[in-house]
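Encoded as C-alpha coordinates, the structure appears first; notes follow it.
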Amino acid sequence: MLLSTKALALAINCFLPLAAAASYDYCACQTKTDGALDDTKTSLVARSCGDSYSFVYGPAINDANSKQPWLRRDKGAGPRFQGLFLQSIFGKIEGNLFYNLCRDVGAADSSCFNCARLQQNGPSQGGTFQCTDTEKVYDNY
(Lines of atoms letter the chains of each structure in order from A and count residues from 1; the text may use other names and numbers.)
(Lines give C-alpha, C1' and ligand atoms only; values in the text may rest on other atoms or scores of the structure.)
Protein backbone atom coordinates (compact mmCIF):
# COMPACT_ATOMS: atom_id res chain seq x y z
CA MET A 1 0.00 0.00 0.00
CA LEU A 2 1.40 3.39 -0.99
CA LEU A 3 0.87 6.42 1.21
CA SER A 4 0.31 9.86 -0.19
CA THR A 5 2.94 12.48 0.62
CA LYS A 6 0.53 14.23 3.00
CA ALA A 7 -0.36 10.98 4.77
CA LEU A 8 3.31 10.08 5.10
CA ALA A 9 4.18 13.52 6.48
CA LEU A 10 1.33 13.30 9.00
CA ALA A 11 2.43 9.82 10.08
CA ILE A 12 6.02 11.00 10.55
CA ASN A 13 4.86 14.05 12.54
CA CYS A 14 2.67 11.92 14.79
CA PHE A 15 5.37 9.50 15.78
CA LEU A 16 8.47 11.69 16.03
CA PRO A 17 9.70 12.11 19.57
CA LEU A 18 7.59 14.85 21.09
CA ALA A 19 10.20 16.44 23.34
CA ALA A 20 12.26 19.01 21.45
CA ALA A 21 12.79 22.80 21.67
CA ALA A 22 9.69 24.47 23.17
CA SER A 23 7.71 21.65 24.75
CA TYR A 24 4.45 21.72 26.64
CA ASP A 25 2.15 19.54 28.72
CA TYR A 26 -1.06 20.40 26.87
CA CYS A 27 -1.98 21.73 23.41
CA ALA A 28 -5.11 22.46 21.37
CA CYS A 29 -5.98 23.84 17.95
CA GLN A 30 -7.51 27.32 17.58
CA THR A 31 -10.05 28.89 15.23
CA LYS A 32 -7.72 31.87 14.69
CA THR A 33 -4.66 33.46 16.28
CA ASP A 34 -5.66 34.65 19.77
CA GLY A 35 -9.07 33.10 19.12
CA ALA A 36 -11.18 30.41 20.72
CA LEU A 37 -10.11 26.79 20.77
CA ASP A 38 -11.31 24.59 17.93
CA ASP A 39 -12.41 21.39 19.68
CA THR A 40 -13.34 19.74 16.36
CA LYS A 41 -9.89 20.29 14.84
CA THR A 42 -8.21 19.27 18.11
CA SER A 43 -10.19 16.03 17.97
CA LEU A 44 -9.07 15.51 14.36
CA VAL A 45 -5.43 15.82 15.44
CA ALA A 46 -6.02 13.20 18.16
CA ARG A 47 -7.70 10.82 15.71
CA SER A 48 -5.29 11.39 12.82
CA CYS A 49 -2.39 10.47 15.07
CA GLY A 50 -4.21 7.45 16.47
CA ASP A 51 -5.35 8.62 19.86
CA SER A 52 -4.47 5.34 21.52
CA TYR A 53 -0.85 5.77 20.39
CA SER A 54 -0.03 9.43 20.70
CA PHE A 55 -2.51 11.98 22.07
CA VAL A 56 -5.19 11.73 24.73
CA TYR A 57 -7.47 14.36 26.24
CA GLY A 58 -5.69 15.86 29.18
CA PRO A 59 -5.19 15.66 31.94
CA ALA A 60 -5.38 11.89 31.72
CA ILE A 61 -5.68 11.41 35.47
CA ASN A 62 -8.33 8.68 35.50
CA ASP A 63 -9.98 8.70 32.08
CA ALA A 64 -8.15 9.89 28.97
CA ASN A 65 -11.43 10.13 27.06
CA SER A 66 -13.40 12.14 29.62
CA LYS A 67 -13.05 15.32 27.57
CA GLN A 68 -13.41 17.68 30.51
CA PRO A 69 -12.54 21.26 29.56
CA TRP A 70 -9.91 23.47 31.13
CA LEU A 71 -10.86 26.86 32.54
CA ARG A 72 -8.94 29.81 31.14
CA ARG A 73 -6.67 31.92 33.32
CA ASP A 74 -5.95 35.56 32.69
CA LYS A 75 -2.98 35.58 35.08
CA GLY A 76 -0.51 32.94 36.12
CA ALA A 77 -0.09 29.50 34.62
CA GLY A 78 -2.70 27.62 32.67
CA PRO A 79 -4.51 28.00 29.39
CA ARG A 80 -5.35 31.38 27.93
CA PHE A 81 -8.47 29.87 26.35
CA GLN A 82 -11.15 27.62 27.81
CA GLY A 83 -11.72 24.24 26.21
CA LEU A 84 -10.34 20.78 25.52
CA PHE A 85 -6.58 20.17 25.39
CA LEU A 86 -4.55 17.13 24.37
CA GLN A 87 -1.51 15.68 26.05
CA SER A 88 0.99 13.17 24.67
CA ILE A 89 1.27 9.73 26.19
CA PHE A 90 5.01 10.01 25.47
CA GLY A 91 5.58 13.12 27.61
CA LYS A 92 5.88 16.70 26.41
CA ILE A 93 4.43 18.05 23.14
CA GLU A 94 6.76 20.03 20.89
CA GLY A 95 4.93 23.29 20.11
CA ASN A 96 5.91 23.74 16.45
CA LEU A 97 5.04 20.12 15.70
CA PHE A 98 1.58 20.51 17.22
CA TYR A 99 1.02 23.76 15.34
CA ASN A 100 1.80 21.94 12.08
CA LEU A 101 -0.57 19.10 12.99
CA CYS A 102 -3.34 21.65 13.60
CA ARG A 103 -2.62 23.35 10.27
CA ASP A 104 -2.72 19.94 8.54
CA VAL A 105 -6.33 19.43 9.69
CA GLY A 106 -7.41 22.96 8.74
CA ALA A 107 -7.04 24.86 12.01
CA ALA A 108 -5.68 28.39 11.96
CA ASP A 109 -3.37 28.21 14.98
CA SER A 110 -2.60 26.34 18.19
CA SER A 111 -2.26 27.13 21.87
CA CYS A 112 -0.10 25.22 24.37
CA PHE A 113 0.71 25.49 28.07
CA ASN A 114 2.44 23.76 30.96
CA CYS A 115 0.85 22.94 34.28
CA ALA A 116 2.52 21.02 37.10
CA ARG A 117 -0.29 21.45 39.64
CA LEU A 118 -3.97 21.27 38.80
CA GLN A 119 -7.33 20.70 40.35
CA GLN A 120 -10.56 19.23 39.05
CA ASN A 121 -13.62 21.20 40.04
CA GLY A 122 -16.78 19.57 41.32
CA PRO A 123 -20.02 18.84 39.48
CA SER A 124 -21.37 22.35 40.11
CA GLN A 125 -18.58 23.61 37.82
CA GLY A 126 -18.94 20.81 35.28
CA GLY A 127 -15.89 18.86 36.43
CA THR A 128 -13.62 21.39 34.69
CA PHE A 129 -9.88 21.51 35.28
CA GLN A 130 -7.81 24.50 36.28
CA CYS A 131 -4.10 25.02 36.68
CA THR A 132 -3.03 26.07 40.16
CA ASP A 133 0.61 26.85 39.27
CA THR A 134 1.76 30.40 39.81
CA GLU A 135 4.31 30.57 36.99
CA LYS A 136 2.98 31.51 33.55
CA VAL A 137 4.26 29.17 30.80
CA TYR A 138 2.19 29.07 27.61
CA ASP A 139 2.49 30.00 24.00
CA ASN A 140 0.65 30.44 20.74
CA TYR A 141 2.21 29.33 17.48
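If you use mature numbering (1 follows the signal peptide of the UniProt record, and there is no 0), the sequence shown corresponds to residues -21 to -1, 1 to 120, in order. Idealized CB from N, CA, C, for every residue including glycine.
Contact check, residue i vs residue j, beta carbons under 8 Å
i, j, result
"G62", "L16", "yes"
"K46", "Y3", "no"
"F77", "C6", "yes"
Alpha carbon of residue i to alpha carbon of residue j, nearest angstrom
i, j, result
"Q104", "W49", "11 Å"
"G85", "S67", "21 Å"
"D88", "P102", "31 Å"
"R26", "D53", "30 Å"
"Q98", "F34", "21 Å"
"G106", "D83", "31 Å"
"N75", "N100", "31 Å"
Sheet register partners of residue i (DSSP bridge)
i, result
"F34", "S67"
"Q9", "L16 and D88"
"S2", "E73"
Candidates the options, of which the one nearest residue i by Cα
i, options, result
"D18", "C94, Y36 and S2", "Y36"
"F108", "S27, F64, K11 and S33", "F64"
"K11", "Q99, G74 and S90", "S90"
"R96", "G74, G55, F60 and R26", "G55"
"C110", "R51, R82 and V24", "R51"
"N93", "C81, Q99, D83 and R59", "R59"
"A1", "E73, D13, D83 and T21", "E73"
"F69", "D112, D83 and A39", "A39"
"N79", "V24, N100 and D112", "V24"
First through last residue of the beta strand (DSSP E) which encompasses residue i
i, result
"C91", "D88 to F92"
"Q109", "F108 to C110"
N- and C-terminal bounds of the alpha helix (DSSP H) containing residue i
i, result
"F77", "G74 to D83"
"A95", "A95 -> no alpha helix (DSSP H), and no H or E assigned at all."
"A25", "D18 to S27"
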